[in-house]
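Participant: Numbering of the sequence shown is given in UniProt numbering, commencing with residue 1 and proceeding in unit increments.
Where is the CB? At the ideal position from N, CA and C, for every residue including glycine.
Here it is: the structure, laid out below.
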Amino acid sequence: MASGMWEEVLAAKNENRRELNLQGTAINKRIEDRGLDENIFSLTNLNLLKIAGTPLVTISDQLSSLTNLTSLMLTNNKLKSLPSSIGGLVTLKVLDVSGNNLESLPVSLSNLVNITSLNANLNQLTTFPDVSKMKVLAYLSISRNKLTSLPDGICDPSLTLLSTIDAAYNEITSLPAEISNLSHLIKLDVSSNKLDSLPPELSECAKLREVLIIDNKMKDRKLLKLAEHSTKALLNYLKIQLEKQQALESSKNKKTDSSKKKKKAGDKKDVEDLERDIMSVLQFETEKGLLITATPAVMSVRQYLVCCIIRNLDFNKSNNMFKRFINLQTRLHESICEKRQTATIATHDMKLIKGPLTYDAARPHLIQITPLFKSKIVTAEVLMKELREEAEAFRKEKKKSTLSGIHKYLELLKDKSLYPCLKDADGDVISFPPITNSEKTKVSKETTDILVEVSSSTSLDICKKVMEELLKETMLTGVGTPAEDSGEKKESQAEGEPVADTSRMRFPQKLVVEQVKVIDAQGNLRVIFPSRVDLQNPAYDVIRNYE
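Right, here's the structure in full:
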């Protein structure tokens with residue numbers, strides 16, 4: 001055996017193995033006598049290293065030499081710390097350090113940008129590194145520690161794959177309202193902590209199916225009873241609390257506005273009850289309007305596209321206005337879009353778009369895009385490969401026979417020789433439906449004008465239905481401008497009276513929508529939206545500003 005090299009390590013080296021599993025009585029004896037064989041760290045081709053149930057107390061900084069490691073399982077040992085060099089394992093996807101004596105984790109852990117599963121339960125952790133850079137993290141288990149809060153960065157909107165958080169048996173005192181940013185969160189376990197309340201914003205987690213909160217001293221005992229009955233009942237209750245909270249904020253704003261306008265108010269009566277939400281449609285202008293050309297190539301891949309522009313938005317009206325708009329898209333993708341199977345929504349900041357646009361299809365290796373929340377350009381071919389690998393890993397982790405619902409949309413492009421894409425006037429890809437849109441045109445809280453695209457391989461009708469639902473729900477969030485009658489808002493109360501009703505019928509909203517035209521390669525009209533036959537909804541009035 002070369003230089004005291006363990007037989008398991010020697011065999012792995014000679015046979016160029018990709019996995020090394022060290023556990024059992026013999027391994028334990030060697031570690032107790034001489035420590036871990038550091039020849040392990042010369043096995044640079046390893047993809048998986050498992051050291052389990054041993055008396056191992058420390059592990060060498062040489063760990064970072066295992067540059068091809070994708071799974072590191074250091075479970076049920078006696079580890080008191082991890083080397084900071086662990087942050088250099090940039091290919092790592094699965095990390096399990098459960099069942100040790102860890103009191104902290106190195107800050108460098110934040111650099112594991114490809115991690116999908118992180119298990120650190122059954123330790124003595126009092127703090128946890130920032131996880132905001134872990135963009136593909138799907139599973140986080142930090143139960144049975146001494147944490148007083150969830151990890152920093154856990155509510156970052158870019159953590160779009162995070163589906164499970166297990167933080168039971170800690171000392172957590174509160175949950176952040178920003179948890180609603182986790183649009184794909186399915187399970188949240190915060191049992192046996194020190195929570196005395198739940199943020200109402202938790203109800204905005206569109207995919208949340210399981211919330212466990214037993215053994216917490218809630219001020220509102222009804223929360224525990226509802227959670228015991230069903231998660232749906234709990235979330236409905238929180239939703240009502242959120243609506244009351246938002247109504248109170250709106251009430252304060254309206255009361256302030258009302259007091260400023262008292263001196264200008266006329267003697268108009270019984271008008272407010274007749275006021276309705278308004279959809280104001282701006283006509284497509286030949287010289288200035290946004291024109292999209294659909295090429296023949298895209299017709300055989302994803303031929304249906306409907307677009308429009310929403311103008312004069314204000315996401316700064318309230319702290320959660322932008323978040324509500326993003327969650328709305330997620331909710332529609334789940335419901336009317338049938339998990340993106342029938343249609344897909346994408347939004348773009350108009351000030352970042354250079355028109356006219358081209359709706360095209362090309363071979364996967366020729367499409368280059370900077371995906372949302374990413375900084376580097378990748379080809380559609382590479383992106384799809386990465387997403388499929390993530391989906392397959394998630395399937396295996398959940399022990400399912402088929403892909404989960406959140407990954408089903410990947411199958412829409414299976415065996416396709418061409419992929420659809422939307423390109424700007426510079427030829428840059430700003431959307432790759434149904435997969436992602438581009439970081440280049442990403443909508444932010446400061447965005448005021450948005451291009452909305454809805455694409456489908458099913459029908460034009462479903463595109464229009466999805467678009468109309470999106471516009472209606474966007475208007476109801478109040479992100480547009482208040483509807484006004486003849487330029488003057490109606491007074492509703494005598495001075496000093498409390499505001500009793502903050503419903504949208506009392507404070508109607510207006511959404512300004514501009515037409516976008518889609519033509520074929522010969523210049524023939526394919527669709528213009530919204531046309532005169534669109535937006536036929538009795539729930540609101542439509543003003544068509546046509547000459």
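Considering only the beta carbon of each residue, do residue 28 and residue 9 sit closer than 7 Å?
Facilitator: Counting from one through the sequence shown, the residue named residue 28 turns up at place 28. Counting from one through the sequence shown, the residue named residue 9 turns up at place 9. No, the Cβ-Cβ distance between residue 28 and residue 9 is not below 7 Å.
Participant: Can you tell me which of the three DSSP states residue 20 falls into?
Facilitator: By one-based count along the sequence shown, residue 20 stands at place 20. Of the three classes helix, strand and coil, the one that applies to residue 20 here is strand, per DSSP.
Participant: Exposed or buried, what is residue 107 when buried is set at 16 or more other beta-carbons lying within 10 Å of its beta-carbon?
Facilitator: For the purposes of this step, residue 107 is taken as the residue at position 107 of the sequence shown. Result: exposed.
Participant: Where does residue 155 fall in DSSP's three states?
Facilitator: Position 155 of the sequence shown, counted from the start, is the residue given in the question as residue 155. Looking at residue 155 - three-state DSSP - the assignment turns out to be coil, as it is neither helix nor strand.
Participant: Less than 7 Å between the beta carbons of residue 68 and residue 100, yes or no?
Facilitator: One-based indexing of the sequence shown puts residue 68 at position 68. One-based indexing of the sequence shown puts residue 100 at position 100. Taking 7 Å as the Cβ cut-off, residue 68 and residue 100 do not qualify as a contacting pair.
Participant: Which residues in the same chain as residue 447 place their Cβ atom closer than 6 Å to its Cβ, once the five residues preceding and following it in sequence are excluded?
Facilitator: Stepping through the sequence shown from its first residue, residue 447 is reached at position 447. Counting only Cβ-Cβ distances below 6 Å, and skipping sequence neighbours, we find 349.
Participant: Is the beta carbon of residue 162 sitting closer than 7 Å to the one on residue 182?
Facilitator: Here the question's residue 162 lines up with position 162 in the sequence shown. Here the question's residue 182 lines up with position 182 in the sequence shown. It is a contact, given that the beta carbons lie within the stated cut-off.
Participant: Return helix, strand or coil for residue 372, following the three-state DSSP convention.
Facilitator: The residue given as residue 372 occupies position 372 in the sequence shown. Residue state, collapsed to three classes: coil.
Participant: Assign residue 525 to buried or exposed, taking buried as 16 or more other Cβ atoms, counted over all protein chains shown, within 10 Å of its Cβ.
Facilitator: Taking the sequence shown and counting its residues from 1, one reaches residue 525 at position 525. Result: exposed.
Participant: Span of the beta strand (DSSP E) holding residue 529?
Facilitator: If you number the sequence shown from 1, residue 529 lands on position 529. Here the beta strand (DSSP E) through residue 529 covers 525 to 529.
Participant: Taking all protein chains shown into account, decide if residue 31 is buried (16 or more other Cβ within 10 angstroms of its Cβ) or exposed.
Facilitator: Taking the first residue of the sequence shown as 1, we reach residue 31 at position 31. With 16 or more other Cβ atoms within 10 Å, it is buried.
Participant: Excluding the 5 residues flanking residue 634 on each side, which residues of the same chain have their C-beta closer than 7 Å to its C-beta?
Facilitator: As shown, the chain starts at 1 and ends at 547. That puts residue 634 outside it, with no answer to give.
Participant: Using alpha carbons as the reference points, say which of 224, 320, 355, 170 lies closest to residue 243.
Facilitator: By 1-based counting over the sequence shown, the position of residue 243 is 243. It is 320.
Participant: Mind checking residue 206: buried by the 16 CB within 10 Å criterion, or exposed?
Facilitator: Within the sequence shown, numbered from 1, the residue matching residue 206 stands at position 206. So residue 206 ends up on the buried side.
Participant: Quick one: which unbroken beta strand (DSSP E) runs of 3-plus residues sit fully inside the stretch 155 to 219? Chain order, please.
Facilitator: 164 to 166, 187 to 189, 210 to 212
Participant: First and last residue of the beta strand (DSSP E) that includes residue 545?
Facilitator: By one-based count along the sequence shown, residue 545 stands at place 545. Segment 541 to 545, the beta strand (DSSP E) holding residue 545.
Participant: Per DSSP, residue 509 forms a beta bridge with which residues?
Facilitator: Looking up residue 509 in the sequence shown gives position 509. The partner list for residue 509 (beta bridge, DSSP) reads 482.
Participant: Name, in chain order, the residues that DSSP records as bridge partners for residue 431.
Facilitator: Within the sequence shown, the letter at position 431 stands for residue 431. In the DSSP output, where bridge partners are listed per residue, residue 431 has 422, 437.
Participant: 7 Å is my cut-off, CB to CB: does residue 132 come that close to chain D?
Facilitator: No chain D appears in the structure shown, which is made up of a single protein chain.
Participant: Under the three-state reduction of DSSP, which class applies to residue 75: helix, strand or coil?
Facilitator: On the sequence shown, residue 75 is found 75 positions in, with the first residue counted as 1. The three-state reading of DSSP puts residue 75 in coil, since its state is none of H, G, I, E or B.
Participant: Over the uninterrupted beta strand (DSSP E) stretch that includes residue 307, give me the two end residues.
Facilitator: In the sequence shown, counting from the first residue as 1, residue 307 sits at position 307. Run containing residue 307: 304 to 311, per the beta strand (DSSP E) assignment.
Participant: Inspect the CB distances between the stretch 346 to 364 and the stretch 421 to 432 and report whether three or more fall short of 8 Å.
Facilitator: A contact between stretches requires three or more CB pairs, one per stretch, nearer than 8 Å, and the stretch 346 to 364 meets this requirement with the stretch 421 to 432.
Participant: Go ahead and pull the three-state DSSP assignment for residue 473.
Facilitator: Counting from 1 along the sequence shown, the entry for residue 473 is found at position 473. If DSSP states are grouped into helix, strand and coil, residue 473 belongs with the helices.
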